[in-house]
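Going by the numbering used here, the letters in the sequence shown line up with residues 1490 to 1715, in that order.
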Amino acid sequence: MGITIQYCGCRKLIGARFYSIPLTSNNHNTTRTTLAGSPRDSVGHGTHTASTAAGAHVANASYFGLARGTARGGSPSSRIASYKACSEDGCSGSAILQAMDDAIADGVDIISISIGMSSLFQSDYLNDPIAIGAFHAEQMGVMVICSAGNDGPDPSTVVNTAPWIFTVGASSIDRDFQSTVLLGNGKTIKGSAISLSNLSSSMTYPIAFGKDIAAKFAPVSEARTC
């Protein structure tokens, strides 16, 4: 579905569509269909990934004052057309495939997808809607760029592995967020961390193992690496 906008002063977002999203319940016996309602981003993921791909220059950007500078996407002069194929409850293969076909028909040059289906689908491209849609796009001269997933670095966790997809994984940055720890014997240890705490520099605090002071609801496996 498209949307009619009476006025828009934006020169970046030039198209937007949203879709009915059929989702199967956990018992796999019932299917319900939800309508996204509008192409507006309700959780922030689409906005984040779109700005990474084609965000315009933003001066004086920072993370609570850290790494202050000019932020921009990979192709800041590009225009964006948004296709909302997911809801807060998840994504459906049929909606993703319809969105990709619509993007091709709309004449986009590149399709960027930061969605990864289960790696169980990766060995069978005929059951992977992203692989199918990407093949349609490549046949029409449209490059498809997809994320490699968030489940590494274990083996067989990369997604979107069809040979006609340009698959992109995480990379490093040219910034070093340094943090120092002053020990009781006067020795200073330098490390890398982002800390926004208001701990007093005149106080002495005990060294603690991360898992013993994990934040509420934080996985112990992650806290122990802090």
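For every residue, glycine included, the Cβ atom is placed at its ideal position computed from N, Cα and C.
Three-way DSSP call (helix, strand, coil) for residue i in this model
| i | result |
| --- | --- |
| residue 1654 | coil |
| residue 1668 | strand |
| residue 1776 | Shown here, the chain extends from 1490 to 1715; a query on residue 1776 therefore has no answer. |
| residue 1619 | helix |
| residue 1542 | helix |
| residue 1516 | Bear in mind that a pLDDT of 48 at residue 1516, under 50, signals an unreliable position, so the model cannot answer this. |
| residue 1699 | helix |
| residue 1572 | strand |
| residue 1579 | strand |
Cβ-based neighbour list, residue i, same chain, cut-off 7 Å, excluding 5 preceding and 5 following
| i | result |
| --- | --- |
| residue 1674 | none |
| residue 1516 | Reliability fails at residue 1516, whose pLDDT of 48 lies under 50, so the model's placement of it is uncertain and the value that follows must be treated cautiously. Around residue 1516: no qualifying Cβ. |
| residue 1703 | 1709 and 1712 |
| residue 1653 | 1623, 1624 and 1627 |
| residue 1501 | 1545, 1568 and 1569 |
Option in the options with minimal Cα separation from residue i
| i | options | result |
| --- | --- | --- |
| residue 1633 | 1643, 1614, 1657 and 1615 | 1657 |
| residue 1568 | 1582, 1583, 1574 and 1600 | 1600 |
| residue 1646 | 1653, 1654, 1652 and 1637 | 1637 |
| residue 1655 | 1510, 1541 and 1631 | 1631 |
| residue 1598 | 1582, 1614 and 1564 | 1564 |
| residue 1536 | 1641, 1570 and 1661 | 1570 |
| residue 1700 | 1711, 1661 and 1659 | 1711 |
| residue 1642 | 1649, 1659 and 1653 | 1659 |
| residue 1531 | 1499, 1686, 1578 and 1704 | 1578 |
| residue 1592 | 1661, 1627 and 1695 | 1627 |
| residue 1526 | 1572, 1556 and 1548 | 1572 |
| residue 1671 | 1689, 1640 and 1616 | 1689 |
Limits of the alpha helix (DSSP H) - the one that residue i falls within
| i | result |
| --- | --- |
| residue 1589 | 1582-1595 |
Proximal residues to residue i (C-beta, below 8 Å), its chain only, five neighbours per side dropped
| i | result |
| --- | --- |
| residue 1698 | 1713 |
| residue 1552 | 1683 |
| residue 1475 | Because the chain here runs from 1490 to 1715, residue 1475 falls outside it and cannot be looked at. |
| residue 1546 | 1559, 1560, 1561 and 1565 |
Extent of the continuous beta strand (DSSP E) to which residue i belongs
| i | result |
| --- | --- |
| residue 1550 | 1547-1552 |
| residue 1709 | Looking at the DSSP string, residue 1709 is not in any beta strand (DSSP E); the run it does join, the alpha helix (DSSP H), is 1709-1712. |
| residue 1678 | 1677-1681 |
| residue 1557 | 1555-1560 |
| residue 1692 | Neither: residue 1692 is in no beta strand (DSSP E) and is coded neither H nor E. |
| residue 1632 | 1632-1636 |
| residue 1502 | 1502-1507 |
| residue 1599 | 1599-1602 |
Cβ neighbours of residue i in the same chain (closer than 6 Å, five flanking residues each side left out)
| i | result |
| --- | --- |
| residue 1562 | 1540, 1541, 1542, 1543 and 1544 |
| residue 1668 | 1680, 1682 and 1684 |
| residue 1614 | 1620 and 1651 |
| residue 1618 | 1582, 1585 and 1586 |
Between the region 1613-1624 and the region 1578-1597, are three or more C-beta pairs nearer than 8 Å?
yes
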